[in-house]
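Let me begin by presenting the structure, written as structure tokens, before commenting on it.
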Amino acid sequence: TIDKKAKEKILNVFYEETSIEKRPVINIEDAWSEWVRHYPRFCDLDDGTKEFYHSIFMKFINWAFSEGITHVDRITNKVALEYASYLWNNEDEPISAKTYNHHIVHLSQIFSTLDAVYHLSERNPFNSKIVHRKRKSELNTASHLPLEPAMLQKVLTEAATHGRGIRDLFILGSNTGLRLEDACCLKWECIGKDFIETIPGKTRRTGNRARIPLSSALRVLIKERAKSQDSSGFFIPEIAQHYIRNDDCIKKTCSRIFEAALGDDISKVPAGEHRKRDTNVYSFHSFRTTFMSLLASKDVSVRDAMRIMAWESAEMIKVYENELENARKKAENLRS
């Protein structure tokens, strides 16, 4: 039997020998526009993502030019591995493992599309089997810790001093476990009689829904907000408009609130070789971790927790199973 790689080589030779037209030569500076032209979901990307993707490719182009590479067909598996090594080991521009993965995955996306259209001789040199991604254990990211009840109260009290919009955003986050983007941009159409049903930004591509039961505090907030509902359709329109216009400003405001509320209680993971800044272990995402811990303490099944939190990864299921086990042990200790 002929293995897959051998078959691809035979097909390449056949293509070169029998094709009336020569294999198209694509200048590397034209690769971006060719990808945009042929990638069907490009129009669905927001402007920020488009700009980020373009910056990734421009960084790669500048490196390729410095290596004397001007055509797409010159980008071999060896070149892809060399660029990945440059990206990770560049002392002048250290990047996190997460950012590294973003760069490699997007380059893989571009070359996969170009190969589908033009049948590149090297296929997709940034394929995960050739250029390995950084595993979760290598990401060196800070775990967001759950908030103790007293800490949660301090955070909500501090948030209230920043105006109604921020106060309501924090109440929403703490009662739903929604990520910051999803909480800021929540729409009224997602809020039902007993549940919030929404497709989080992280699962937009798969369409996986979060189905979150309404708590008593959330019902009170919804009733208050209903009195000032406007035509924008957003649950907290003043925050949604601000986030869409400048999401970084909202993120910084949230960080300042946690730092002011928790003071000496807040701890940070220090910056390192591949992390530019110290990272807080308490942030808006801590509401999500706290909500997960609450579900575990109520002995909510893995299946129901997956539905509520819109989890897709096996890693998160394992994390929740550990939370369940710890919650059950605590309950047994209290009974004994």
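If you read the sequence shown in our numbering, its first letter stands for residue 758, the second for the next number, and so on. By construction, the Cβ of each residue, glycine as well, lies at the ideal position given by its N, Cα and C atoms. Everything numeric in this text was worked out from a predicted model, so none of it was measured.
Minimum C-alpha distance to residue i - residue among the options
i: residue 789; options: 813, 1006 and 805; result: 813
i: residue 1043; options: 904, 1076, 945 and 948; result: 904
i: residue 989; options: 1018, 942 and 1020; result: 942
i: residue 1040; options: 1050, 953, 1014 and 1063; result: 1014
i: residue 811; options: 848, 800 and 863; result: 863
i: residue 872; options: 792, 931, 936 and 1006; result: 792
i: residue 882; options: 923, 1068, 1062 and 837; result: 837
i: residue 1006; options: 937, 933, 1077 and 831; result: 937
i: residue 855; options: 849, 844 and 848; result: 844
i: residue 1063; options: 934, 1086 and 853; result: 934
i: residue 992; options: 1054, 1060, 829 and 922; result: 922
i: residue 820; options: 853, 841 and 804; result: 841
i: residue 1050; options: 949, 1060 and 1077; result: 1077
i: residue 797; options: 1020, 874 and 1011; result: 874
i: residue 880; options: 890, 889 and 869; result: 869
i: residue 969; options: 962, 978, 949 and 963; result: 949
i: residue 782; options: 1061, 944, 1058 and 878; result: 878
i: residue 1060; options: 1047, 1048 and 1074; result: 1074
i: residue 1012; options: 994, 1087 and 919; result: 919
i: residue 985; options: 1004, 945, 889 and 1010; result: 945
i: residue 859; options: 928, 807 and 832; result: 807
i: residue 1004; options: 876, 928 and 803; result: 803
i: residue 801; options: 958, 850, 849 and 825; result: 958
i: residue 839; options: 805, 795 and 861; result: 861
i: residue 979; options: 851, 1058, 1048 and 928; result: 928
Cut-off 6 Å between Cβ atoms - residues of its own chain near residue i, not counting five sequence neighbours on either side
i: residue 1024; result: Because residue 1024 carries a pLDDT of 49, less than 50, the predicted location of this residue cannot be relied on, and no value is offered for it.
i: residue 1018; result: 911, 912 and 915
i: residue 830; result: 878
Sequence-distant residues of its chain with Cβ nearer than 7 Å to residue i (five each side left out)
i: residue 884; result: 865
i: residue 917; result: 924
i: residue 827; result: 784 and 785
i: residue 907; result: none
i: residue 930; result: 940, 1041 and 1044
i: residue 947; result: 953, 954 and 955
Beta carbon of residue i nearer than 7 Å to that of residue j
i: residue 785; j: residue 818; result: yes
i: residue 834; j: residue 887; result: yes
i: residue 1067; j: residue 967; result: yes
i: residue 971; j: residue 987; result: no
i: residue 816; j: residue 857; result: no
Rounded Cβ spacing between residue i and residue j (contact assumed at less than 8 Å)
i: residue 996; j: residue 926; result: 5 Å
i: residue 960; j: residue 1082; result: Contact doesn't hold; Cβ gap of about 26 Å is too wide.
i: residue 974; j: residue 932; result: 5 Å
i: residue 1053; j: residue 1080; result: 4 Å
i: residue 956; j: residue 964; result: 6 Å
Nonlocal neighbours in the same chain, by C-beta distance under 8 Å from residue i, ignoring five residues either side
i: residue 1089; result: none
i: residue 1085; result: 1056
i: residue 777; result: Below a pLDDT of 50, predicted positions are generally treated as unreliable, and residue 777, at 45, falls in that range; the measurement from the model is reported next regardless. Nothing listed; no residue qualifies.
i: residue 998; result: 989 and 991
i: residue 889; result: none
Next item on the list: Please list the segments of the beta strand (DSSP E) lying wholly inside the segment 961 to 988, counting only runs of 3 or more residues, in order along the chain.
Entry: 967 to 970
Item checked: Residue ranges of each beta strand (DSSP E) within the segment 799 to 840, 3 or longer -> none
Check: Along the chain, which unbroken stretches of the beta strand (DSSP E) at least 3 residues long are found entirely within the segment 917 to 965?
Finding: 952 to 955
Next item on the list: Scan the segment 1034 to 1090 and note each continuous alpha helix (DSSP H) run of 4 residues or more that stays entirely inside, going in chain order.
Entry: 1042 to 1054 and 1059 to 1066
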